[in-house]
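Please read the structure below before turning to the comments.
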Amino acid sequence: MEAKFIPYSKELLRGEELKNESLRHYQFMNSRRTVREFSKESIPLDVISNIIMSASTAPSGANKQPWTFCVVTDQALKSKIRAAAEKEEYESYNGRMPQEWLDDLSYLGTDWHKPFLEDAPALIIVFKKSYDLENNIKRTNYYVTESVGLACGFLLQAIHQCGLVALTHTPSPMNFLCQLLNRPVNEKPFLLIPIGYPAENVMVPDIKRKERKDVIVYY
Ligand code: IYR
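First residue of the sequence shown? That's 309 in this note's numbering, and the numbers climb one at a time after it.
Structure representation (structure tokens):
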């Protein structure tokens with residue numbers, strides 16, 4: 309396809325305004341926490357749809373946008389997903405995960421029980437498409453993991469911006485989601501993200517984020 313360019317403009321900031329905005333945004337993002345206990349209060353589907361469309365603005369290899377976001381609000385389907393996830397997670401926590409991994413997780417207080425899969429009003433299950441299928445013809449996608457990872461980052465940011473909370477959950481292995489959601493062969497589950505309001509008086513682990521000096525190198 310021939311290259312076609314269109315004009316682009318956006319609001320530009322400089323000086324104090326730029327400094328203030330960068331700090332304001334950092335502080336806002338630093339107030340995001342992963343939450344594992346959800347209120348059962350529902351959230352409107354059009355809100356979820358807008359949040360997903362924000363995620364779908366993420367950059368992707370050759371702009372292929374190699375993702376599908378499945379939204380599950382049906383209680384019976386959530387229960388099936390919980391049962392299948394807990395079956396895998398039970399095996400993981402009782403033999404599949406090495407001791408070092410269990411030790412690394414111990415301060416987060418996780419175990420194989422996943423009540424949030426039924427409590428959260430919606431589950432967003434993100435699928436990555438290593439290739440597209442157009443009329444049964446395979447079309448390659450590029451940097452699929454990077455692209456879908458970026459889209460999930462945008463998703464979490466949009467959720468936080470809306471005052472909602474989420475959990476980046478990775479039941480392992482998660483192939484059961486292909487069957488339960490009846491996905492085509494070119495889609496592989498990437499992340500399962502319950503979304504909603506936090507449970508009343510929710511608690512989160514006392515984690516520390518790395519300091520500037522530990523994450524930035526200037527040259
Ligand atoms: N998938 C498991 C285990 C787990 C793994 C990591 I790495 C975490 O940061 C958190 C949990 C679970 O969801 O419990």
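Quick reminder that beta carbons are idealized off the backbone N, C-alpha and C, glycines included.
- With fewer than 16 other beta carbons inside 10 angstroms of its own, L331 counts as exposed.
- Here the C-alpha atom of K446 lies approximately 22 Å from the C-alpha atom of S364.
- Taking the C-beta atoms as reference points, S350 is found no nearer than 9 Å to E508.
- The closest CA to that of V512, considering only S368, I356 and T418, is found on T418.
- Counting C-beta pairs closer than 8 Å gives three or more between the region 469-480 and the region 492-504, which meets the contact rule.
- If the five residues before and after E397 are omitted, its C-beta is found closer than 7 Å to the C-beta atoms of W420, K422 and P479, all from its own chain and listed in chain order.
- If you compare the alpha carbons of L441, P406 and I359 with that of A430, the shortest gap goes to I359.
- Under the three-state reduction of DSSP, G461 is assigned to helix.
- Between the ligand IYR and the CB of S480, the shortest heavy atom gap is smaller than 8 Å.
- Nearest to L463 by alpha-carbon distance, out of P315, S362 and L320, is S362.
- Looking at the DSSP output, D440 shares a beta bridge with R447.
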